[in-house]
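K.L.:
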Amino acid sequence: MTSKTSVVTNRIVADVPTEYPGLGFEDYAAALTDAIAAADRPQFTVGLYGKWGSGKSSLLKAMNRILEADANVITVEFDAWRYQRSQEIVIPLLHAVFSAVQKTNDHALARAVGRLLRAFGVSLGFKIPVVGIEFSAADVRAAWDEESSPPVTLDDAFARPFEELRRVGEALDGRRIVVFVDDLDRCTTENVVGMLESINVITDVAGFVFVLALDYDVVTQAVQKRYPHANGHEFIEKIIQVPFRIPSAMTTAPGALEALVPGFSGLRHLEGLTIELEDAIEIAFRGNPRSVKRFVNALTLLMRILESRRAQFNAQLLTRILRKAVTAARSYPSTPATSRRTTPASSRRPLAAESSARAAVSRAAVSAAAASRRRSCSTTSLARHADVSATSPPTGDSIGG
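Going by full-length UniProt numbering, the first residue of the sequence shown is number 1, and it counts up by one from there.
So, in structure tokens, the structure goes:
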């Protein structure tokens with residue numbers, strides 16, 4: 001039984017955040033963390049702006065990895081979406097800070113953050129889910145330790161969090177707590193605004209730095225929905241003092257496709273097409289890492305299916321494969337022609353982008369076929385020169401041999 005060499009050597013790519021994202025993100029992470037660590041007054045919020053799948057989570061993880069090694073910094077990772085059912089998201093946020101501080105074995109700071117957490121619980125005065133445990137205002141009052149007496153008036157209840165926050169700043173003694181908040185733009189409108197307002201309160205004291213990964217447009221719309229008469233842009237600008245828009249990965253890093261998806265060149269029928277295919281992918285996905293991975297996964301699967309059917313690859317087939325992969329990765333439903341007249345122009349942009357992408361991948365496929373023909377002609381010429389018989393095994397560019 002003869003073995004057949006597969007034309008598809010790369011595998012499905014997992015879409016998970018990584019501490020080492022590549023694509024030039026290390027430079028961004030280094031610059032941002034240097035600014036945070038060197039700040040004379042750590043009392044600000046950084047906004048990492050990017051669309052769905054642009055690499056925000058990976059940039060957060062890269063920054064966290066760098067700052068973890070700094071003895072003067074306590075890092076906290078907080079996935080806001082996990083707590084979107086919370087009535088007051090500030091409670092699980094502060095609990096995450098408390099848990100991180102506990103790991104430092106700084107008991108004085110841990111007590112200060114614990115009192116801050118309790119003070120917020122008392123001031124809110126209703127049941128709040130915190131890491132799977134529910135407690136009421138009465139439970140919180142009972143938990144006050146000897147160093148902290150419960151508030152006796154409503155004014156005390158609302159003033160206490162600010163007092164405890166000041167004590168946390170004193171206990172930090174020049175250090176800083178850096179909180180990385182991810183997936184805020186996936187939360188409910190109430191929690192998006194609630195988180196921003198809570199951050200505005202907490203950063204009233206030096207020692208706290210927040211790094212928010214978010215889709216600026218989504219968060220702006222949430223603010224506008226919560227406060228119809230407010231300006232969403234101005235609201236966010238007051239809270240986020242250091243904005244950073246994540247550049248398109250594919251346009252800022254040469255060879256980014258191979259860096260993002262190691263082994264992509266293992267699709268042997270696409271050999272020599274790195275430039276053409278990167279151009280097509282850039283048009284289709286605008287450098288969005290998640291969409292690129294989806295495209296490569298769809299392309300890998302389609303080529304494996306065709307390989308199992310002993311398909312003969314040519315320009316027409318490669319065009320169909322690449323177009324189908326683009327469509328599968330974009331996942332935009334088709335729009336009936338009758339409804340396009342009433343569809344806003346902004347909603348039609350994805351369709352226009354897909355049309356451009358289809359044209360680009362068609363050009364890439366034609367180049368693939370031309371390259372394949374050149375290799376085939378070269379192989380045939382060599383075979384004739386060496387007087388190789390017509391019964392010789394097919395070349396590696398043939399399927400189903």
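Even for Gly, the Cβ is constructed at its ideal location relative to N, Cα and C.
Is it buried or exposed for Tyr227, if we count other Cβ within 10 angstroms and need 16 for buried?
P.N.:
The sequence position of residue 227 within the sequence shown is 227, counting from 1. Classification for Tyr227: exposed.
K.L.:
Return the residue from the list Ile199, Phe235 and Ala159 that minimises the CA-CA distance to Ile89.
P.N.:
For the purposes of this step, residue 89 is taken as residue 89 along the sequence shown, with counting starting at 1. Residue Ile199 is the option with its Cα nearest to Ile89.
K.L.:
If you drop the 5 nearest sequence neighbours on each side, which residues of the same chain put their C-beta closer than 8 Å to that of Lys324?
P.N.:
Numbered from 1 along the sequence shown, position 324 holds the residue referred to as residue 324. Taken in chain order, the residues that qualify are Ala298 and Leu302.
K.L.:
Is it buried or exposed for Ser54, if we count other Cβ within 10 angstroms and need 16 for buried?
P.N.:
Residue 54 sits at position 54 when you count from the first residue of the sequence shown. Buried.
K.L.:
So, under 8 Å CB-CB, residue 406 and Thr33 are touching, yes? Tell me the CB distance rounded to an integer number of Å.
P.N.:
Past the edges of the chain, shown from 1 to 401, lies residue 406, and the structure says nothing about it.
K.L.:
Where do the N-terminal and C-terminal ends of the beta strand (DSSP E) with Leu93 fall, by residue?
P.N.:
Here residue 93 is taken as the residue at index 93 of the sequence shown, counted from 1. Unbroken run through Leu93 is the alpha helix (DSSP H), Val90 to Gln102; no beta strand (DSSP E).
K.L.:
According to the neighbour-count rule (16 or more other Cβ atoms, all chains shown, within 10 Å of its Cβ), is Val201 buried or exposed?
P.N.:
By 1-based counting over the sequence shown, the position of residue 201 is 201. It counts as exposed.
K.L.:
Assign Ser86 to one of two classes, buried (16 or more other C-beta atoms within 10 Å of its C-beta) or exposed (fewer than that).
P.N.:
Residue mapping note: residue 86 aligns to position 86 of the sequence shown, counting from 1. Buried, by the Cβ-count rule.
K.L.:
Under 8 Å by Cβ, that's how I've got Ile36 and Val178 pegged, so tell me the actual separation to the nearest angstrom.
P.N.:
In the sequence shown, residue 36 corresponds to position 36, counting from 1. In the sequence shown, residue 178 corresponds to position 178, counting from 1. Their Cβ separation, rounded to whole angstroms, is 6 Å, which keeps Ile36 and Val178 in contact under 8 Å.
K.L.:
With DSSP run on the structure shown, which of helix, strand or coil describes Val76?
P.N.:
One-based indexing of the sequence shown puts residue 76 at position 76. Of the three classes helix, strand and coil, the one that applies to Val76 here is strand, per DSSP.
K.L.:
What are the start and end residues of the alpha helix (DSSP H) that includes Gln43?
P.N.:
The residue labelled residue 43 in the question sits at position 43 within the sequence shown. Not the alpha helix (DSSP H): Gln43 falls in the beta strand (DSSP E), residues Gln43 to Tyr49.
K.L.:
Counting C-beta neighbours from all protein chains within 10 Å, is the total for Tyr332 16 or more, i.e. buried, or is it exposed?
P.N.:
Along the sequence shown, read from residue 1 onward, the residue named residue 332 stands at position 332. The pLDDT assigned to Tyr332 is 45, lower than 50, so where the model puts this residue is not dependable; a value taken from the coordinates is nonetheless given after this. With fewer than 16 other Cβ atoms within 10 Å, it is exposed.
K.L.:
Could you tell me the alpha carbon to alpha carbon distance between Ile240 and Arg310, rounded to whole angstroms?
P.N.:
What you label residue 240 is simply residue 240 of the sequence shown in a count that begins at 1. What you label residue 310 is simply residue 310 of the sequence shown in a count that begins at 1. For Ile240 and Arg310, the distance between alpha carbons rounds to 56 Å.
K.L.:
For Arg85, does the three-state DSSP call read helix, strand or coil?
P.N.:
Here residue 85 is taken as the residue at index 85 of the sequence shown, counted from 1. Note: Arg85 maps to coil in three-state DSSP.
K.L.:
For Asp139 and Ile91, what's the separation of their Cα atoms in angstroms?
P.N.:
Within the sequence shown, numbered from 1, the residue matching residue 139 stands at position 139. Within the sequence shown, numbered from 1, the residue matching residue 91 stands at position 91. Low local confidence applies: a pLDDT of 46 at Asp139 is under 50, so the model's placement there is unreliable, with the coordinate-based value given in what follows. About 14 Å.
K.L.:
Check whether the Cβ atoms of Lys56 and Ala213 lie closer than 8 Å to each other.
P.N.:
Numbered from its first residue, the sequence shown carries residue 56 at position 56. Numbered from its first residue, the sequence shown carries residue 213 at position 213. In this structure, Ala213 lies closer than 8 Å to Lys56 by Cβ.
K.L.:
Where does Ile202 fall in DSSP's three states?
P.N.:
The sequence position of residue 202 within the sequence shown is 202, counting from 1. Helix at Ile202.
K.L.:
Look at Gln43 and Thr188 and say whether their C-beta atoms are less than 8 Å apart.
P.N.:
In the sequence shown, residue 43 corresponds to position 43, counting from 1. In the sequence shown, residue 188 corresponds to position 188, counting from 1. The answer is no: Cβ separation not under 8 Å.
K.L.:
Look at the alpha carbon of Pro243 and the alpha carbon of Arg304, and state the distance between them as a whole number of angstroms.
P.N.:
Residue 243 sits at position 243 when you count from the first residue of the sequence shown. Residue 304 sits at position 304 when you count from the first residue of the sequence shown. In a straight line, the C-alpha of Pro243 is about 43 Å away from that of Arg304.
K.L.:
Expressed to the nearest angstrom, what Euclidean distance is found between the alpha-carbon atoms of Asn105 and Gly47?
P.N.:
Stepping through the sequence shown from its first residue, residue 105 is reached at position 105. Stepping through the sequence shown from its first residue, residue 47 is reached at position 47. Taking the straight line from one Cα to the other gives about 30 Å.
K.L.:
Can you list, in chain order, the residues of its chain with a C-beta nearer than 7 Å to that of Phe25? Leave out the 5 residues immediately preceding and following it.
P.N.:
Numbered from its first residue, the sequence shown carries residue 25 at position 25. Gly55, Ser58, Leu59 and Ala62, listed in sequence order.
K.L.:
Report the CB separation of Val209 from Arg176 in whole angstroms; it is logged as a contact under 8 Å.
P.N.:
Position 209 of the sequence shown holds residue 209. Position 176 of the sequence shown holds residue 176. Confirmed, about 6 Å.
K.L.:
According to DSSP, what are the bridge partners of Leu212?
P.N.:
Walking along the sequence shown from the start, residue 212 turns up at place 212. For Leu212, which the question treats as bridged, DSSP gives the partners Gly47 and Val181.
K.L.:
Let me confirm a value: Glu237 is counted as buried when at least 16 other C-beta atoms fall within 10 Å, else exposed. Which label applies?
P.N.:
As a working note, residue 237 is residue 237 in the sequence shown. So Glu237 counts as exposed.
K.L.:
Report the rounded CA-to-CA distance for Ala230 versus Thr45, giving the unit in angstroms.
P.N.:
To locate residue 230, count along the sequence shown from 1; it is residue 230. To locate residue 45, count along the sequence shown from 1; it is residue 45. So the alpha carbons of these two residues sit roughly 21 Å apart.
K.L.:
Can you check DSSP and say which residues form a bridge with Val242?
P.N.:
Counting from 1 along the sequence shown, the entry for residue 242 is found at position 242. Beta-bridge pairing links Val242 to Val46.
K.L.:
Would you kindly work out how many angstroms separate the C-alpha atoms of Val122 and Ser291, rounded to a whole number?
P.N.:
The residue given as residue 122 occupies position 122 in the sequence shown. The residue given as residue 291 occupies position 291 in the sequence shown. Using only the alpha carbons, I get a separation of about 45 Å.
K.L.:
Can you give me the C-alpha to C-alpha distance between Phe295 and Trp52, rounded to a whole angstrom?
P.N.:
Within the sequence shown, the letter at position 295 stands for residue 295. Within the sequence shown, the letter at position 52 stands for residue 52. About 15 Å.
K.L.:
How would you write the range of the alpha helix (DSSP H) that His107 sits in, first residue to last?
P.N.:
The residue given as residue 107 occupies position 107 in the sequence shown. Segment His107 to Leu124, the alpha helix (DSSP H) holding His107.
K.L.:
Beta carbon of Phe120, beta carbon of Ala96: below 8 Å?
P.N.:
By 1-based counting over the sequence shown, the position of residue 120 is 120. By 1-based counting over the sequence shown, the position of residue 96 is 96. Taking 8 Å as the Cβ cut-off, Phe120 and Ala96 do not qualify as a contacting pair.
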